[in-house]
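Working notes, beginning with the structure itself.
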Amino acid sequence: MSSNPEQRPNLYALTWRLPIIFWQLIFFVGPVLFMVAMSFFLVKNYRMTEAFEFVNWSRMLTRGFFWDSYWYTIGIATLSTVCAMCIAFPAAFALAFRASESTRRWAIFLLIIPFFTSYLVRTFSWFVILSESGVVNAMLGYVGLGPYTMLNTNFGTLVGYMTLTLPLVVILQTVTMANIDKNLIEAARNLGCSPLRTIWQVIIPLSKTGLIIAAIFCFILSFGDFVAPFYLGGSQEPTLPILILDTTKSGQQWPRAAVVAIMMMVTLFAIAFTGIALAYRKGKGAK
Amino acid sequence: MKQSRSLNFILGIYVVLIFAFVFAPIIFSMIFSFNSQRFPTIPLGEFSTEWYAKVLADPDIWKAARNSLIVSCSTAVIATFLGFCTAYSDFRYNFRFKGPYLALILLPPTIPLIIMALAMLAWLAMLAWLSKIGMSGQLYSIIIAHSVLTAPFAMAVIRLRLNQMDPDLESAAWNLGGSEWQTMRHVIIPFCKPAIFSSLFLTAAVSFDEFAVSWFVSGLNSTLPVVVLEIVQGNIDPQVNAIGTFVFLTSMTLVVLAQLFFASRQIKGIQS
Numbered sequence: 001m002s003s004n005p006e007q008r009p010n011l012y013a014l015t016w017r018l019p020i021i022f023w024q025l026i027f028f029v030g031p032v033l034f035m036v037a038m039s040f041f042l043v044k045n046y047r048m049t050e051a052f053e054f055v056n057w058s059r060m061l062t063r064g065f066f067w068d069s070y071w072y073t074i075g076i077a078t079l080s081t082v083c084a085m086c087i088a089f090p091a092a093f094a095l096a097f098r099a100s101e102s103t104r105r106w107a108i109f110l111l112i113i114p115f116f117t118s119y120l121v122r123t124f125s126w127f128v129i130l131s132e133s134g135v136v137n138a139m140l141g142y143v144g145l146g147p148y149t150m151l152n153t154n155f156g157t158l159v160g161y162m163t164l165t166l167p168l169v170v171i172l173q174t175v176t177m178a179n180i181d182k183n184l185i186e187a188a189r190n191l192g193c194s195p196l197r198t199i200w201q202v203i204i205p206l207s208k209t210g211l212i213i214a215a216i217f218c219f220i221l222s223f224g225d226f227v228a229p230f231y232l233g234g235s236q237e238p239t240l241p242i243l244i245l246d247t248t249k250s251g252q253q254w255p256r257a258a259v260v261a262i263m264m265m266v267t268l269f270a271i272a273f274t275g276i277a278l279a280y281r282k283g284k285g286a287k
Numbered sequence: 288m289k290q291s292r293s294l295n296f297i298l299g300i301y302v303v304l305i306f307a308f309v310f311a312p313i314i315f316s317m318i319f320s321f322n323s324q325r326f327p328t329i330p331l332g333e334f335s336t337e338w339y340a341k342v343l344a345d346p347d348i349w350k351a352a353r354n355s356l357i358v359s360c361s362t363a364v365i366a367t368f369l370g371f372c373t374a375y376s377d378f379r380y381n382f383r384f385k386g387p388y389l390a391l392i393l394l395p396p397t398i399p400l401i402i403m404a405l406a407m408l409a410w411l412a413m414l415a416w417l418s419k420i421g422m423s424g425q426l427y428s429i430i431i432a433h434s435v436l437t438a439p440f441a442m443a444v445i446r447l448r449l450n451q452m453d454p455d456l457e458s459a460a461w462n463l464g465g466s467e468w469q470t471m472r473h474v475i476i477p478f479c480k481p482a483i484f485s486s487l488f489l490t491a492a493v494s495f496d497e498f499a500v501s502w503f504v505s506g507l508n509s510t511l512p513v514v515v516l517e518i519v520q521g522n523i524d525p526q527v528n529a530i531g532t533f534v535f536l537t538s539m540t541l542v543v544l545a546q547l548f549f550a551s552r553q554i555k556g557i558q559s
């Protein structure tokens with residue numbers, strides 16, 4: 001069916017192949033490369049001028065506030081990933097091994113719904129629910145607890161991150177574990193392996209690739225989100241996306257924002273590649 | 288056996304709790320949208336449609352809704368076209384640099400939106416400066432950016448449909464004397480039709496909700512999510528819940544339509 005790679009593509013083939021190449025080169029590769037170039041530009045009198053200076057880089061990378069923000073963002077995105085993976089696991093385990101095929105399908109369909117609801121509106125909703133006199137504190141008040149301050153804390157930020165990432169992580173984990181050969185689990189149990197040990201030594205190694213991919217997605221989403229840390233975390237400690245926002249919107253300092261953006265992309269690529277390398281390495285546990 | 292049953296029960300409750308967490312903000316936002324209190328809490332205030340009345344009376348929101356509609360419809364068409372071309376190329380042809388070719392379309396969703404937003408803003412501003420056309424701040428700059436972001440979804444949906452096609456179908460049409468173009472028109476496009484509709488609705492729904500990139504490149508022509516962002520920045524205003532409920536219903540209608548087309552294509556797939 002597939003044509004020989006060496007064959008010259010005719011007009012018909014090119015009609016289908018070229019649109020995306022042109023479109024993405026102009027509107028995807030172009031912007032990203034331009035952003036890299038922009039990080040060397042200068043801003044004079046609120047206008048960007050073409051240049052090749054390292055001043056933006058040295059300005060940003062020698063400042064304490066940038067590195068504070070950098071490590072804080074990595075830290076909280078990691079925490080978010082660990083939380084999402086741990087919170088999702090029992091649910092995904094139940095959906096993969098204990099639920100029927102149709103229940104699982106319905107559960108996944110329901111978990112897709114949040115992707116099509118406004119994340120902003122959901123965050124705003126949490127803002128109201130978690131506030132000092134909000135629903136959660138009112139309910140805790142009935143049993144004589146609280147009120148607790150949940151907004152403008154890391155807890156608030158994490159609730160926002162979970163809203164964003166948990167549905168995706170549960171879906172990915174469920175699908176991965178549902179694809180495991182059930183006979184292998186049966187075999188482990190029959191050979192006297194305890195349930196917890198089966199999870200640890202059979203299920204997790206077998207679903208390693210999917211689990212790592214879920215974690216990578218979770219990290220990327222948390223790392224790049226500005227809504228949760230801004231509205232629920234109060235941005236006392238600005239994350240990198242908030243830094244980009246502030247630098248772009250208030251100061252017109254696009255080149256410096258570009259420096260932050262490039263640092264973010266480099267970090268994400270490094271983490272994603274390490275993760276993927278780990279995911280596809282032949283594990284000792286599996287096989 | 289008994290232990291396993293109680294364990295199942297606990298796991299069941301746990302799954303329900305997870306779903307409660309995921310759906311709590313959506314459901315509360317709907318409840319709050321009909322609640323008279325400005326700072327909603329328990330016990331709830333009276334039933335009121337005050338916020339809806341306020342939203343409907345606001346000309347800025349109508350303008351934003353119109354903008355959103357234009358943006359999501361145009362995005363859907365462009366992204367689905369690009370997605371179809373790429374999916375078909377991937378299905379039919381093997382060529383050099385196919386890996387980078389596919390990466391080109393699949394990469395954008397892995398880059399944080401705020402970075403795409405900054406890059407798009409700067410690039411469009413530069414293009415505008417070069418061409419002396421006011422490109423930034425126009426609706427089509429949002430459409431362009433959204434097409435880049437949603438094309439991968441379109442590609443995935445249509446590629447899945449092409450997977451179900453018997454590869455011999457195309458050659459059979461050629462053997463019967465159809466040209467490549469005729470085969471495309473009479474065999475492949477009709478076969479992909481459900482997926483094409485599915486992709487139109489899906490990409491429209493994604494575009495309808497996207498706010499980060501829209502906010503950066505939109506200028507004065509804001510879309511509905513950007514208006515929400517601007518309201519939220521000011522203060523607590525339950526109008527947001529009313530708009531959110533409306534947006535939710537719109538997106539859900541689109542997703543359900545996409546799902547219906549998806550289901551119909553599977554039935555047809557079994558029949559053929």
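Chains A and B supply the protein sequences, listed in that same order.
With my numbering, the residue at position 123 of the first sequence is 123, and numbering never jumps.
In short: position in the second sequence from 1, add 287, done, that's my numbering.
Beta carbons: idealized from backbone N, C-alpha and C, even for Gly.
These figures come from a predicted structure and were not determined experimentally.
inquiry  = Output needed in chain order: residues of the stretch 439-473 of chain B with a Cβ under 9 Å from some Cβ in chain A.
reply    = Met-442, Pro-454, Asp-455, Glu-457, Ser-458, Ser-466, Glu-467, Trp-468 and Met-471
query = Beta carbon of B:Phe-498, beta carbon of B:Leu-516: below 8 Å?
reply = By one-based count along the second sequence, residue 498 of chain B stands at place 211. By one-based count along the second sequence, residue 516 of chain B stands at place 229. For B:Phe-498 and B:Leu-516, yes; Cβs fall inside 8 Å.
ask   = Shortest alpha-carbon distance to B:Thr-490 belongs to which of A:Lys-44, A:Phe-93 and A:Phe-116?
value = As a working mapping, residue 490 of chain B is identified with position 203 in the second sequence. Of the candidates A:Lys-44, A:Phe-93 and A:Phe-116, the one whose C-alpha sits nearest the C-alpha of B:Thr-490 is A:Phe-116.
key: Coil, strand or helix - B:Leu-331 by DSSP   = Translated into the one-based positions of the second sequence, residue 331 of chain B becomes position 44. Residue state, collapsed to three classes: coil.
ask   = Which word fits A:Arg-47, buried or exposed, when buried means at least 16 other C-beta atoms lie within 10 angstroms of its C-beta?
value = Taking the first sequence and counting its residues from 1, one reaches residue 47 of chain A at position 47. Exposed, since its Cβ has fewer than 16 Cβ neighbours within 10 Å.
message = Against chain B, with Cβ distances strictly below 8 Å, would A:Phe-223 count as a contact?
response = Residue numbering aside, residue 223 of chain A sits at position 223 when the first sequence is read from its first letter. So, interface residue.
request  = State the Cα-Cα distance for the pair A:Cys-83 and A:Leu-14, rounded to the nearest angstrom.
outcome  = Within the first sequence, the letter at position 83 stands for residue 83 of chain A. Within the first sequence, the letter at position 14 stands for residue 14 of chain A. Taking the straight line from one Cα to the other gives about 47 Å.
message = Assess contact between the stretch 382-395 of chain B and the stretch 227-239 of chain A, defined as three or more Cβ pairs (one per stretch) separated by less than 8 Å. Is contact present?
response = no
request  = Have a look at A:Asp-68 and A:Met-265 and give me their C-alpha separation to the nearest angstrom.
outcome  = In the first sequence, the residue the question calls residue 68 of chain A occupies position 68. In the first sequence, the residue the question calls residue 265 of chain A occupies position 265. Taking the straight line from one Cα to the other gives about 18 Å.
query = From the DSSP output, which residues share a beta bridge with A:Lys-44?
reply = Residue numbering aside, residue 44 of chain A sits at position 44 when the first sequence is read from its first letter. DSSP output for A:Lys-44 lists A:Arg-47 as bridge partner(s).
inquiry  = Counting C-beta neighbours from all protein chains within 10 Å, is the total for A:Gly-285 16 or more, i.e. buried, or is it exposed?
reply    = One-based indexing of the first sequence puts residue 285 of chain A at position 285. The pLDDT assigned to A:Gly-285 is 46, lower than 50, so where the model puts this residue is not dependable, and the model offers no usable value.
message = Between A:Gly-134 and chain C, is any beta-carbon pair separated by less than 8 Å?
response = In summary, chain C is missing from the structure at hand, where the protein chains are A and B.
Three-state class that DSSP yields for A:Asn-183 in the structure shown = The count along the first sequence starts at 1 and reaches residue 183 of chain A at position 183. Three-state result, A:Asn-183: helix.
message = When you compare the CB of A:Gln-24 with every CB in chain B, is at least one pair closer than 8 Å?
response = For the purposes of this step, residue 24 of chain A is taken as residue 24 along the first sequence, with counting starting at 1. Answer yes: the Cβ-Cβ gap between A:Gln-24 and chain B drops below 8 Å somewhere.
message = Any beta carbon of chain B sitting closer than 8 Å to that of A:Phe-54?
response = Along the first sequence, one-based indexing puts residue 54 of chain A at 54. No, no contact with chain B.
key: CB-CB length for A:Ile-129 against B:Phe-315, believed under 8 Å   = Position 129 of the first sequence holds residue 129 of chain A. Position 28 of the second sequence holds residue 315 of chain B. Yes, A:Ile-129 and B:Phe-315 are in contact; Cβ-Cβ is about 6 Å, under 8 Å.
ask   = Helix, strand or coil for B:Asn-322 per DSSP?
value = Counting from 1 along the second sequence, the entry for residue 322 of chain B is found at position 35. If DSSP states are grouped into helix, strand and coil, B:Asn-322 belongs with the strands.
task = Check distances from the C-beta atoms of the stretch 487-509 of chain B to those of chain A and list, in chain order, the residues that come in under 8 Å.
result = Ala-492, Val-493, Asp-496, Phe-498, Ala-499 and Phe-503
task = For A:Ala-261, count neighbouring Cβ atoms within 10 angstroms of its own Cβ and tell me buried if that reaches 16, exposed if not.
result = Position 261 of the first sequence, counting from 1, holds the residue named residue 261 of chain A. Buried, because 16 or more other Cβ atoms sit within 10 Å of the Cβ of A:Ala-261.
ask   = Straight-line CA distance for A:Ser-131 to B:Phe-308?
value = Counting from one through the first sequence, the residue named residue 131 of chain A turns up at place 131. Counting from one through the second sequence, the residue named residue 308 of chain B turns up at place 21. For A:Ser-131 and B:Phe-308, the distance between alpha carbons rounds to 16 Å.
inquiry  = Using the Cβ count rule (16 or more neighbours within 10 Å means buried), how would you classify B:Arg-383?
reply    = As a first step, residue 383 of chain B must be located in the second sequence, where it is residue number 96. Result: exposed.
inquiry  = Any beta carbon of chain A sitting closer than 8 Å to that of B:Pro-312?
reply    = Locating residue 312 of chain B in the second sequence gives position 25, where the first residue counts as 1. Yes, B:Pro-312 lies at the interface with chain A (some Cβ there is under 8 Å from its Cβ).
ask   = Hey, B:His-433 and B:Thr-362 are a contact pair by Cβ (cut 8 Å); roughly how many whole angstroms apart?
value = Translated into the one-based positions of the second sequence, residue 433 of chain B becomes position 146. Translated into the one-based positions of the second sequence, residue 362 of chain B becomes position 75. Contact flag correct, Cβ pair sits at about 4 Å.
task = Kindly list, in the order they appear in chain A, the residues whose Cβ is closer than 9 Å to that of B:Asn-295.
result = One-based indexing of the second sequence puts residue 295 of chain B at position 8. The answer, in chain order, is Ala-94 and Arg-98.
task = Look at the alpha carbon of A:Phe-52 and the alpha carbon of A:Phe-41, and state the distance between them as a whole number of angstroms.
result = By one-based count along the first sequence, residue 52 of chain A stands at place 52. By one-based count along the first sequence, residue 41 of chain A stands at place 41. Rounded to the nearest angstrom, the two C-alpha atoms are 6 Å apart.
key: Which of helix, strand or coil DSSP assigns to A:Gln-173   = As a position in the first sequence, residue 173 of chain A is number 173, starting the count at 1. Helix.
ask   = Between A:Met-35, A:Arg-17 and A:Pro-31, which lies nearest to A:Met-263 when the distance is taken from Cα to Cα?
value = Locating residue 263 of chain A in the first sequence gives position 263, where the first residue counts as 1. Selected option, being the one with the closest Cα: A:Met-35.
inquiry  = My parser needs the alpha helix (DSSP H) runs of 4 or more residues fully inside the stretch 134-176 of chain A; what are they?
reply    = 135-142
ask   = Considering B:His-433, what are the terminal residues of the alpha helix (DSSP H) in which it resides?
value = On the second sequence, residue 433 of chain B is found 146 positions in, with the first residue counted as 1. Counting along the chain, the alpha helix (DSSP H) containing B:His-433 begins and ends at 426-450.
key: Cross-chain neighbours of B:Tyr-375 in chain A, by beta carbon under 7 Å   = Numbered from its first residue, the second sequence carries residue 375 of chain B at position 88. Correct list: Trp-16.
request  = Leaving out five residues on either side along the sequence, give the residues of the same chain with a beta carbon under 7 Å from the beta carbon of A:Ala-88.
outcome  = By 1-based counting over the first sequence, the position of residue 88 of chain A is 88. Within the same chain, A:Ala-88 has close Cβ partners Leu-166, Val-169, Val-170 and Gln-173.
ask   = Ends of the alpha helix (DSSP H) at A:Ala-193?
value = Looking up residue 193 of chain A in the first sequence gives position 193. According to the sequence provided, residue 193 of chain A is Cys. The question's Ala does not apply to it. First-last for A:Cys-193: undefined, no H or E at that position.
inquiry  = Rounding to the nearest angstrom, what Cα-Cα distance links A:Ile-76 and A:Ala-228 in this structure?
reply    = Here residue 76 of chain A refers to the residue found at position 76 when the first sequence is read from its first residue. Here residue 228 of chain A refers to the residue found at position 228 when the first sequence is read from its first residue. Between A:Ile-76 and A:Ala-228, the C-alpha separation is close to 11 Å.
message = I'd like to know if B:Val-364 contacts chain A, where contact means its C-beta is closer than 8 Å to some C-beta of that chain.
response = Translated into the one-based positions of the second sequence, residue 364 of chain B becomes position 77. No, B:Val-364 lies away from the interface with chain A (no Cβ there is under 8 Å from its Cβ).
inquiry  = Residues in the same chain with beta-carbon distance under 6 Å from B:Thr-373, minus the five sequence neighbours each way, listed in chain order, please.
reply    = What you label residue 373 of chain B is simply residue 86 of the second sequence in a count that begins at 1. Closer than 6 Å at the Cβ level, and outside the excluded window around B:Thr-373, lie Ile-392 and Met-442.
inquiry  = So, does the stretch 312-331 of chain B touch the stretch 524-538 of chain B, judging by three or more C-beta pairs under 8 Å?
reply    = yes
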